[in-house]
Amino acid sequence: MDAVRIQEEDFSIEAEVDALRASSKRIGGIATFLGCARDFSEGRDVSSIAFEQYAGMAEAALQSLRAEALATFDIIEVRIIHRITTVYAGDQIVLIVVAAEHRGPAFKACEWIIDTLKQRVPIWKKELTPEGDSWVTQHP
Amino acid sequence: MSIKVLFFGAIADKLGTRSLVVPEQKNMRLSDVLQQAGCESYRPFLVAVNQEQVNDEQQFMHAGDEVAIMPPFSGG
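Here the protein sequences come in this chain order: A and B.
Residue 3 in our numbering sits at position 3 of the first sequence; the count goes up by one each step and never skips.
Residue 54 in our numbering sits at position 54 of the second sequence; the count goes up by one each step and never skips.
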C-alpha cells in the first residue's frame, strides 16, 4: 500500500501502523492522528459529511506534505490516508501516522501535518443537516 | 483551442456547474478567464493553473490550460 492515499474505502489503523513498523527497525515511537466524523457542528445536528477533492492536485499536495515533513522533522517515515466519500457520525476520515526514533518529533510532525493539510490540500467537506446542506469554510 | 475552468465546493453549487470552457484569446490573462467564468462575486477563492496554486492573476494563459477556482480548503 502506498504511504499516501486518497480513497473512498475505510482504512485500518493497525494495518497502517504495521506497514510503518515494517519500514525500519530504528523506530522508537509512533504518533497517530485520526480524524472522525461528528454528529454535531456549529450548533446543528449533522447527518453525514460529503467530501470533494480536486483529483490529482489533492494527492500531489499530500505527497509534498509528506516530503516536507520528512525533510523538516527528525522522523523516519510518514503515512497519510484521506477518505473522499460520504461519511456518517463516528466514521474515520483521515489518518496520519508518523514514526521517529523519539516521541517529540513524532508528535510535532503529526500536528504540523494535520494543521498544514487543512490549509494546503484541495479537499472540501459539506455537512448534510436536517436544516439543509452547507459547505464548511473554517479550519478549526 | 480553449481553456478549461473547474469549480469546486460552494462556488460550483452557486454557479450550478462544475466546469466550463473559455475560448482562448490573444494575450489573455488569468484575470480575463476569472471574469469570463463569472465567479468574481464569490471571492475569496484560491486559483490553480494546471494543478499548481498561483497568486499572480496577471499571468498569461495558454491554449489547453486548466484553471481551478477553489473556495478555501476544508479537508481533514
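Positions of the beta carbon are idealized from the N, C-alpha and C atoms, including for glycine.
The structure displayed is predicted, hence computed values, not measured ones.
Below the 7 angstroms Cβ cutoff, chain B contributes no neighbours of G90/A, its closest Cβ being approximately 17 angstroms away. Fully contained in the segment 7–63 of chain A are the following alpha helix (DSSP H) runs of length 4 or more, in chain order: 13–21. In this chain, the beta strand (DSSP E) harbouring P23/B covers S19 to P23.
Around F40/A, the same chain offers V46 as residues with beta carbons nearer than 7 angstroms, after the five sequence neighbours per side are excluded. Shown here, T129/A sits in a strand according to DSSP, grouped into three states. Counting the other CB atoms within 10 Å of its CB gives P71/B a total of 16 or more, which places it among the buried residues.
The three-state secondary structure of S134/A, taken from DSSP, is strand. Residues of chain B whose Cβ lies closer than 8 angstroms to the Cβ of W112/A do not exist; the shortest such Cβ separation is about 13 angstroms.
Under the three-state reduction of DSSP output, V33/B falls in the helix class.
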